[in-house]
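2 protein chains.
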Amino acid sequence: MSKDIIIIGAGLCGSLMALRLAQRGYHVRVYEKRPDMRKVSISAGRSINLALSDRGLRGLEMVGLKEEALQLVIPMMGRMVHPKNGDAQFFSYSGRKGECINSISRGGLNILLMDAAEATGRVKIHFETDCTDVNFETGEVFLQSLKDRTTFQDKAECILGTDGAGSAVRKSMMAISAALRFNFSQKYLDTGYKELCIPPSENGDFRIASNALHIWPRDGFMMIALPNLDRSFTVTLFMPFEGKYSFSGFRNEQDIHTFFENEFPDAYAHMPDLTEDFHANPTSSLGTIKCWPWQVNGRSALMGDAAHAVVPFYGQGMNASFEDCVVLDQCMDSYGDDWLRVLTQYQKLRKPNADAIADLAEDNFYEMRDATANPVFNLKRKIELELEQRYPDYYSKYSMVTFREDLDYAYAMHRGRWQDQILMDYASKTGDMTQVDFEAVFRLVSEFEK
Amino acid sequence: MSKDIIIIGAGLCGSLMALRLAQRGYHVRVYEKRPDMRKVSISAGRSINLALSDRGLRGLEMVGLKEEALQLVIPMMGRMVHPKNGDAQFFSYSGRKGECINSISRGGLNILLMDAAEATGRVKIHFETDCTDVNFETGEVFLQSLKDRTTFQDKAECILGTDGAGSAVRKSMMAISAALRFNFSQKYLDTGYKELCIPPSENGDFRIASNALHIWPRDGFMMIALPNLDRSFTVTLFMPFEGKYSFSGFRNEQDIHTFFENEFPDAYAHMPDLTEDFHANPTSSLGTIKCWPWQVNGRSALMGDAAHAVVPFYGQGMNASFEDCVVLDQCMDSYGDDWLRVLTQYQKLRKPNADAIADLAEDNFYEMRDATANPVFNLKRKIELELEQRYPDYYSKYSMVTFREDLDYAYAMHRGRWQDQILMDYASKTGDMTQVDFEAVFRLVSEFEK
Chain C
15 MSKDIIIIGA
25 GLCGSLMALR
35 LAQRGYHVRV
45 YEKRPDMRKV
55 SISAGRSINL
65 ALSDRGLRGL
75 EMVGLKEEAL
85 QLVIPMMGRM
95 VHPKNGDAQF
105 FSYSGRKGEC
115 INSISRGGLN
125 ILLMDAAEAT
135 GRVKIHFETD
145 CTDVNFETGE
155 VFLQSLKDRT
165 TFQDKAECIL
175 GTDGAGSAVR
185 KSMMAISAAL
195 RFNFSQKYLD
205 TGYKELCIPP
215 SENGDFRIAS
225 NALHIWPRDG
235 FMMIALPNLD
245 RSFTVTLFMP
255 FEGKYSFSGF
265 RNEQDIHTFF
275 ENEFPDAYAH
285 MPDLTEDFHA
295 NPTSSLGTIK
305 CWPWQVNGRS
315 ALMGDAAHAV
325 VPFYGQGMNA
335 SFEDCVVLDQ
345 CMDSYGDDWL
355 RVLTQYQKLR
365 KPNADAIADL
375 AEDNFYEMRD
385 ATANPVFNLK
395 RKIELELEQR
405 YPDYYSKYSM
415 VTFREDLDYA
425 YAMHRGRWQD
435 QILMDYASKT
445 GDMTQVDFEA
455 VFRLVSEFEK
Chain R
15 MSKDIIIIGA
25 GLCGSLMALR
35 LAQRGYHVRV
45 YEKRPDMRKV
55 SISAGRSINL
65 ALSDRGLRGL
75 EMVGLKEEAL
85 QLVIPMMGRM
95 VHPKNGDAQF
105 FSYSGRKGEC
115 INSISRGGLN
125 ILLMDAAEAT
135 GRVKIHFETD
145 CTDVNFETGE
155 VFLQSLKDRT
165 TFQDKAECIL
175 GTDGAGSAVR
185 KSMMAISAAL
195 RFNFSQKYLD
205 TGYKELCIPP
215 SENGDFRIAS
225 NALHIWPRDG
235 FMMIALPNLD
245 RSFTVTLFMP
255 FEGKYSFSGF
265 RNEQDIHTFF
275 ENEFPDAYAH
285 MPDLTEDFHA
295 NPTSSLGTIK
305 CWPWQVNGRS
315 ALMGDAAHAV
325 VPFYGQGMNA
335 SFEDCVVLDQ
345 CMDSYGDDWL
355 RVLTQYQKLR
365 KPNADAIADL
375 AEDNFYEMRD
385 ATANPVFNLK
395 RKIELELEQR
405 YPDYYSKYSM
415 VTFREDLDYA
425 YAMHRGRWQD
435 QILMDYASKT
445 GDMTQVDFEA
455 VFRLVSEFEK
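Protein chains in written order, with our numbering: chain C, 15 to 464; chain R, 15 to 464.
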């Protein structure tokens, strides 16, 4: 049996999987459409930095790179919520010490993974090479060099599609939809995003608190900022495409300045390159992709965004993709390279969890945009953090998703939504923290039965 | 302003729309992938005969072809339900006289429409011509002759995509998904279908009752039959692809005979060509397609299956497509050829109704397969038919969808589901028809408020 594997896409998920398979002794040929980011400066396809949390760290631990990756991060202990007028307020992500999420550069992490994969001697990454089709009967992959337009083929027992939301491998499945009964959906938000920047201060420091994910919730739009190692922040404005406050509403530079000055006065003071960034960076759309099946004939499977692109509001996109790799690896523990069993088991285990994180991420968009400005919601969050401090066994929905890599996303969603309902009800009937009977609340939220 | 229009697809919807636009004075160029069915015998892409009901007839009336079309039909007054052992039972579609649905040949109706369209002198249908792409900025359509592979372009103010479930126009929208924020879903049933035949008897008569849609409901699968003008019936077996009773379960000819003899003994006796048909005809899949938006830049819009492919279980696919044409025509009454306003209004009016009939059609699959064998359901249907006879203002869900072309599908769905719930509750608590208090039931079902 051939010990060769083809991976389409050398992004985070593809690079991690290539490395793991190499560690298992496979020879892996990776085809990547973009140029090598270690040689050519390329604009990030999507967000420049990402939130790395426990599920993602578990994936890095699997390949022995957890500690190295943690050298590249800036821990964020909670959300710093910036009201329009008044003082920012900090909400810890957890009532337990040490539970945080980590801001990390997409490019930096990707390079770490590619370097480690190539260092095994068993992974060859072919850049600027487009996958044009996959034959799921024969295992042939049809490729085209983007440098000289020559076409060629490759072939392997197993072909993994880690080629992102616009996956070519998935398109090859779509092309034989009726035969596969390939269910597929793509759904866009009416809100888009634009990346901006808060650079380091003149003496090279962070301009705002570094160990937090900053949020400026507003009515119908919001802005967030994540810290970078160079002491800048990547700022992202999320806003509807159309309507009163929308990307289509900016007619000139003055409109941009007026808007930021009025809506985000504290951030505006730290954004000297606002209009340049605003014009230079694209306005991008946000969507959720779901599909089924993920595997065909035991020949090929989708992983990461190719199988389940999610909106970024739970900070779980990369973490979910890394969890795909961990689960596929476990399936190989069970079934070796009986690929039909491996890939069938993999998709069965992952699909409900991918659906759950997709739905949670959409929910969190509304929570971040609207609820973080709502006093009842904020009281509920305070009650919940106090619960986490008093009762180490209590985990909020956010904590289950983010810090409990031993729990499925689907379980975290069901239990978390149930808890949220109870706590929001309780908070709406309670004036402030002094009136909370924590023993009683803890009993209420402990009654969950799967 | 140009008075030219391009239509992609000369099926039922495209031919009707081409005819209507010609009647309005437009010159229409239609591009159709398949050969001309009037010259070449081609296997029907999908079902051979269809149920034409009031919404479809309204479309034909719009172009003055209602009476001609009615010459081609065989009226079906209700469902003839065939139990496994025992006598078939007839359930009228309506308690009102004259309300029926009509079995019509897909090919016969399509030819009627194409002939009438060409007879206007303003419609030119180009067969065996594939649409490869649409530029929604410029209105250019990229085409390829399937006869000699030559490629060419055409251009018009307005391009209508009536090219069915696998629409090329929709694929061109998909290709610019992010820019359009093009929402799309395709969802397959686990059940597929195969067309079979009950030929005329040796003396040229119908072998089973001609004025009914025959149903053989079974546990997990079913068969139906619709009459044809030549006194044959087109029979369709709906069955899961996998599992105990499934298309994958037939290993040889004996399996086929045994299955039909056991499950459909009364039909089996009339199917002399069973195994030939079974091998010759494909096993096809069934799916629902939804998308949004349907129009781009006031340049192009999707109609019929291209916009909203539905499963066939409500017999409304063609009827819904013809209703699209009627609504587009009404929008042109309002806005002339201000295409942006016409197409925007058209999609706004049609989308909720297309979603409704898609959902109703899926529901009806389960009703036909499972519920028609359920005594409570059959009592409920009898109560409902009696209600329709006693109270001319009462319309069942089926009647609203099928006979009330003045009501939206969305309204019919909401009100119909509400009525069904009440009547199923009532039937489950009532032993038989003698115990029904019709005055009381009528009051219950009259309380619906939109």
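Ideal Cβ positions, reconstructed from N, Cα and C, are used throughout, including at glycine. It should be emphasised that the depicted structure is a prediction, and the values quoted were computed from it without experimental measurement.
Ser-442/C: buried (16+ other C-beta within 10 angstroms of its C-beta) or exposed? exposed
For the stretch 162-176 of chain R against the stretch 273-290 of chain R, are there 3 or more C-beta pairs whose distance is under 8 Å? no
Chain R residues whose Cβ lies nearer than 8 Å to that of Phe-264/C: Going along chain R, no residue has its Cβ under 8 Å from Phe-264/C, so there is no contact; the nearest lies around 18 Å.
Please report the Cβ distance between Thr-134/R and Gln-37/R, rounded to the nearest whole angstrom; I am assuming they are in contact, meaning their Cβ atoms lie under 8 Å. 7 Å
Could you check whether the Cβ of Phe-462/R sits closer than 7 Å to any Cβ belonging to chain C? no
List the whole-angstrom C-beta distance separating Lys-304/C from His-293/C, where the pair is believed to meet the contact cut-off of C-beta under 8 Å. Going by Cβ atoms, the distance from Lys-304/C to His-293/C rounds to 34 Å, so no, they are not a contact pair.
The stretch 132-148 of chain C / the stretch 99-118 of chain C touching (three or more Cβ pairs under 8 Å): no
Measure from the C-beta of Ala-192/R to each C-beta in chain C and report whether the shortest distance is under 7 Å. yes
How would you write the range of the beta strand (DSSP E) that Trp-306/C sits in, first residue to last? 298-306
Where Val-415/R sits in the DSSP three-state scheme: helix
With which residues is Ile-88/R paired in a DSSP beta bridge? Ser-117/R
With H, G and I counted as helix, E and B as strand and the rest as coil, what does DSSP make of Ile-476/R? Residue 476/R lies beyond the stretch modelled for chain R, which goes from 15 to 464, so this question has no answer here.
Compile a chain-ordered list of the residues in the stretch 194-227 of chain C whose CB is closer than 7 Å to at least one CB of chain R. Arg-195, Asn-197, Phe-198, Ser-199, Gln-200, Lys-201, Tyr-202
Candidates Phe-105/R, Arg-429/R, Tyr-360/R, of which the one nearest Ile-397/R by Cα: Phe-105/R
Supposed contact pair Val-183/C and Ile-22/C - C-beta distance, whole angstroms, cut 8 Å: 5 Å
Chain R within 7 Å of Ser-181/C, Cβ atoms only: no
Residue burial classification, Asn-217/C (beta-carbon count within 10 angstroms, cutoff 16): exposed
Inter-stretch contact (C-beta, 8 Å, three-pair minimum) for the stretch 325-336 of chain C and the stretch 69-76 of chain C: yes
Would you mind telling me which residues of chain C sit closer than 7 Å to Ser-299/R, beta carbon to beta carbon, in chain order? Ala-192, Arg-195
Are the CB atoms of Arg-52/R and Lys-138/R within a distance shorter than 7 Å? no
Using three-state DSSP, classify Lys-201/C as helix, strand or coil. strand
Backbone secondary structure at His-284/R - three-state DSSP: coil
Relative to the C-alpha of Glu-46/R, which residue among Met-188/R, Ser-181/R, Tyr-207/R is closest? Ser-181/R
What number of angstroms, rounded off, separates the C-alpha of Gly-39/C from the C-alpha of Thr-143/C? 24 Å
Name the two residues that bound the continuous alpha helix (DSSP H) containing Glu-337/C. 331-349
Does Leu-251/R come within less than 7 Å of chain C when only Cβ atoms are used? no
Do Trp-306/C and Ala-315/C count as a contact pair if the criterion is CB distance below 7 Å? no
By DSSP's criteria, Ala-65/R is part of a beta bridge. Which residues make up the other side? Ser-117/R
Counting only the same chain and skipping the five closest in sequence on each side, list residues whose C-beta sits under 6 Å from that of Glu-337/R. Arg-69
Which residues bound the alpha helix (DSSP H) around Asp-434/C? 423-442
Local Cβ density within 10 Å of Glu-381/R, reported as buried at 16 or more and exposed below that: buried
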